[in-house]
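Visitor: Chains A and B are the protein sequences, given in the same order.
Counting from 18, one number per residue, gives the positions in the first sequence under our numbering.
Counting from 18, one number per residue, gives the positions in the second sequence under our numbering.
Got a structure for you, questions after.
2 protein chains.
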Amino acid sequence: MHDVAREAGVSAQTVSRVIRSPGLVKEETRNLVRATIERLGYVPDSTASDLASNRSRFVAAVIPSVSMSIYEDAVRALSSELLAAGYQLLLGNTEYSLDSEEATIFAFLGRRPEAMVVVGVDHTDRAKALMRQSGIPIIETMDLTDTPIDTVVGYSNKVATATLTRLLLTRGYKRIVFVGGEEDARGIERRQGYLQAMAEVDLSALSLETGDHPSLMSAGISGLKKALELQPRTDAIIFFNDASAAGAILECQRAGIQVPGDIAICGFGDFEVAAHLNPGLTTVRILSHDIGKRAAQVIVDRLSGADPHPKIIDIGFEIIERCSIREK
Amino acid sequence: MHDVAREAGVSAQTVSRVIRSPGLVKEETRNLVRATIERLGYVPDSTASDLASNRSRFVAAVIPSVSMSIYEDAVRALSSELLAAGYQLLLGNTEYSLDSEEATIFAFLGRRPEAMVVVGVDHTDRAKALMRQSGIPIIETMDLTDTPIDTVVGYSNKVATATLTRLLLTRGYKRIVFVGGEEDARGIERRQGYLQAMAEVDLSALSLETGDHPSLMSAGISGLKKALELQPRTDAIIFFNDASAAGAILECQRAGIQVPGDIAICGFGDFEVAAHLNPGLTTVRILSHDIGKRAAQVIVDRLSGADPHPKIIDIGFEIIERCSIREK
DNA sequence: TTGTAGGCGTTATCAA
DNA sequence: TTGATAACGCCTACAA
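Right under this line is the structure:
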């Protein structure tokens, strides 16, 4: 910046003003400075700017996996809304490990973000303490809780899966199996929803685990096989998500198992593939885009002083019925 | 930090040392300081640290879309390798626009990253100038060029698609259509590979565009319909990627079109779904994980002074033949 | 409209 | 092994 100032024959402060609040600088000076900036290829140092102004313009987001379809829309909405408000998104992966989440949260807090978005409501004690102490808005997403660290924007995995299960029950399915992972917090919630709905009607439940990667198509295939082996008369399976459900549907095509004639298949998430499968996949649509957008709004409003948002924001979900279960 | 120093009865410098180079501090003092840090919940301010030490420990990565499967493995490998080396990944989306890429690059350079990873070799002139001027290692990925800004780690989209096309030609296919987008630089390269291979054997080519989102399954469906309409005797289609190819295969199932009996279908990328479709999808496997890992190695070595890497690193590709094309 | 002084929280450097 | 001092590059506050 001093180079630019010297070259342009003005003070460093004037250069700073041309960048931050150009309106305060005489047009002539402003143009001269801008030309000099351009000529020298000067890029302002945000690090120094952050320190001096005590504003990082960072919003941190910590998600299990950047690549999961279900987070994709949320990240996109979050990112574009925040970008428009002048914030940069600091994105971190946790690969579905709470310890890794804690480490990422710690590292990110060191960058002094102005707000932080995390996925889920399940965190290590230290991670929770860190977030609480940070004093910045913390938005938990993709799930609900009565006791958010600060604000939660999401839907109930448990209620959603219970609702889906009840739909199957009203269609006369009785031997319904749930196939999911064992570790993922959202998977556990989904399982509980299933168990609850089965318990309500006094049906015996069968819940299978497919190991560490319940969101792979191959997990759907092995889950399907396992279910048919343990309970040959299984008439419906609810999978952890649409990827594993898609794996199962494609496996049924190969094995000559009719869906929904022989067995009903449901997923979770309403991924792109759900509508294109044969038969189309009955699933739970998560309004990821809305969650990301709403989270961004909460942040922007909070940081600008206003705070018209409740602490618990239920975005809801939709049951999307397609042909992978029988009609009424 | 001063709070910690005061509480522990040492100087700020000692606290700093406990964090940066604990070996230099007497064990007794170190433990005291650590306990105090823990008690106060102190999180070091990386912003100030960056400024003082002139090291950001940031590596910036600018990719078209965090959610594209093809980048997922690369980002994961990059991220984990860099994390292990003590760097943080600053991840940015460009949503496939070069202008947006330029803006992101500018903003990221302001954070003074120590290296930068970008996707592709096609950038605006200003983006190139910015990257060149920055003086940091710049790794272009997912494509190849003879004239990288600094270093390129990738594979040739053109050669890969030409190779795939030639495979179809050796199987006797003659009326081969390419279905892709129009804007994406990698899509353009792929199209050129196709056109070249067709020209080599003097066959007339038909290349279709499906608009802005060639990587959606629905683009595959519309591309398939368009191809059959414009050239009813089409015997093979190469799609922009595995998502659009998957859409086409599923549409063929519905329409009663036999694959590969009536038509052969190929994709690009070897996404998870490729192996599970019926029939399995013939495609080009991109070694994304290797690209991410190699990019990270180049960065780590460069930043540690060594530089044993060439400027052009071809990771190659593999043709994965499955049943969506006829056998020899 | 522009310039000057001081400080943001940390680390490098040198001294003790 | 520890501490004091001066940066790092910018912004806030105030002065001219």
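Just so you know, even glycine gets a beta-carbon here, dropped at the ideal spot from N, CA and C.
If we cut at 8 Å on Cβ distances, does B:P277 have a partner in chain A?
Guide: no
Visitor: On a CA-only basis, which of A:L267, A:A177, A:D219 and A:L220 is nearest A:L304? Give me that one, please.
Guide: Looking at A:L267, A:A177, A:D219 and A:L220, the one whose alpha-carbon comes closest to that of A:L304 is A:A177.
Visitor: How would you write the range of the beta strand (DSSP E) that B:F334 sits in, first residue to last?
Guide: Segment F334 to I337, the beta strand (DSSP E) holding B:F334.
Visitor: Taking only the alpha-carbon atoms, compute the straight-line gap between B:V315 and B:L100 and give it to the nearest angstrom.
Guide: 14 Å
Visitor: Per DSSP, A:E226 is paired with what?
Guide: A:G197
Visitor: Here's a check: name, in chain order, each residue in its chain whose Cβ is nearer than 7 Å to the Cβ of B:L147, leaving out the five neighbours to either side.
Guide: I122, F123 and L126
Visitor: Quick check for students: name the residue ranges of the beta strand (DSSP E) that lie wholly in the stretch 271–304 of chain A, counting only runs of 3 or more.
Guide: 281–283 and 300–303
Visitor: CB-CB under 8 Å to A:T233, same chain, minus the five flanking residues each way: which ones, in chain order?
Guide: Here the sequence assigns Leu to residue 233 of chain A, which means Thr is not the residue at that position. Cβ neighbours of A:L233 beyond the five flanking positions: A260, S261 and G264.
Visitor: So A:A323 is in the alpha helix (DSSP H); what residue range does that whole segment cover?
Guide: Counting along the chain, A:A323 falls outside any alpha helix (DSSP H), and DSSP gives it neither H nor E.
Visitor: Looking only at its chain, what residues have a beta carbon closer than 6 Å to the beta carbon of B:A313, apart from the 5 residues adjacent to it on each side?
Guide: L95, E98 and L99
Visitor: Could you check whether A:R74 and A:G103 sit closer than 8 Å to each other, using their CB atoms as the reference points?
Guide: In this structure, A:G103 places its C-beta atom within 8 Å of the C-beta atom of A:R74.
Visitor: Could you give the DSSP three-state label for B:Q213: helix, strand or coil?
Guide: The three-state reading of DSSP puts B:Q213 in helix, counting H, G and I together.
Visitor: Could you check which residue in A:F257, A:L185 and A:A202 has the C-alpha nearest to that of A:S224?
Guide: A:F257
Visitor: Count the other CB atoms, across all protein chains shown, that sit within 10 Å of the CB of A:G273; report buried if there are 16 or more and exposed otherwise.
Guide: exposed
Visitor: CB A:R51 to CB A:V35, shorter than 8 Å?
Guide: Yes, these two residues count as a Cβ contact at 8 Å.
Visitor: Whole angstroms are fine: how far does the CA of A:Q213 sit from the CA of B:E119?
Guide: Each residue's CA atom was taken as its position, placing B:E119 and A:Q213 some 51 Å apart.
Visitor: Taking 8 Å as the threshold (C-beta atoms), are A:S341 and A:I282 in contact?
Guide: yes
Visitor: What do you reckon, are the CB atoms on B:L186 and B:V218 nearer than 8 Å?
Guide: yes
Visitor: Expressed to the nearest angstrom, what Euclidean distance is found between the alpha-carbon atoms of B:I156 and B:S82?
Guide: The alpha-carbon of B:I156 is positioned some 17 Å away from that of B:S82.
Visitor: Please classify A:R250 as buried or exposed, where buried requires at least 16 other C-beta atoms within 10 Å of its C-beta.
Guide: exposed
Visitor: From the DSSP secondary-structure annotation, give me the bridge partner or partners of B:N14.
Guide: Only positions 18 to 345 of chain B appear in the structure, and residue 14 of chain B is not among them; the question remains open.
Visitor: So which of B:L57, B:E55 and B:V32 has the shortest CA-CA distance to B:T46?
Guide: B:V32
Visitor: Using CA atoms only, rank isn't needed, just tell me which of B:A253, B:I54, B:D163 and B:E200 is closest to B:H230.
Guide: B:E200
Visitor: What residues from the stretch 102–118 of chain B come within 7 Å of chain A, judged by C-beta to C-beta, listed N to C?
Guide: Q105, L107, L108 and N110
Visitor: Helix, strand or coil: which one does DSSP assign to A:Q105?
Guide: strand
Visitor: What did DSSP end up calling A:M159 once you bin it into helix, strand or coil?
Guide: Of the three classes helix, strand and coil, the one that applies to A:M159 here is coil, per DSSP.
Visitor: In chain B, which residues lie with their C-beta within 8 Å of the C-beta of A:D67?
Guide: T64
Visitor: Taking the continuous alpha helix (DSSP H) assigned at A:V32, which residues delimit it?
Guide: A29 to R37
Visitor: Skipping 5 residues on each side, what residues in its chain have a beta carbon closer than 6 Å to that of A:R319?
Guide: P154
Visitor: Indicate the three-state DSSP secondary structure (helix, strand or coil) for A:G171 in the structure shown.
Guide: strand
Visitor: Where A:Q275 and A:C269 are concerned, what is the direct C-alpha to C-alpha distance, given to the nearest angstrom?
Guide: For A:Q275 and A:C269, the distance between alpha carbons rounds to 7 Å.
Visitor: Classify A:M18 as helix, strand or coil using the three-state DSSP reduction.
Guide: coil
Visitor: Going along chain A in order, which residues have a C-beta closer than 7 Å to the C-beta of B:N295?
Guide: The answer, in chain order, is L267, Q270 and R271.
Visitor: Within the 8 Å Cβ cut-off, does A:R302 reach chain B?
Guide: no
Visitor: Using the rule of at least 16 other Cβ atoms within 10 Å of the residue's Cβ for burial, across every protein chain shown, is B:Q30 buried or exposed?
Guide: exposed
Visitor: Between B:V79 and B:V135, is the Cβ-Cβ spacing less than 8 Å?
Guide: In this structure, B:V79 places its C-beta atom within 8 Å of the C-beta atom of B:V135.
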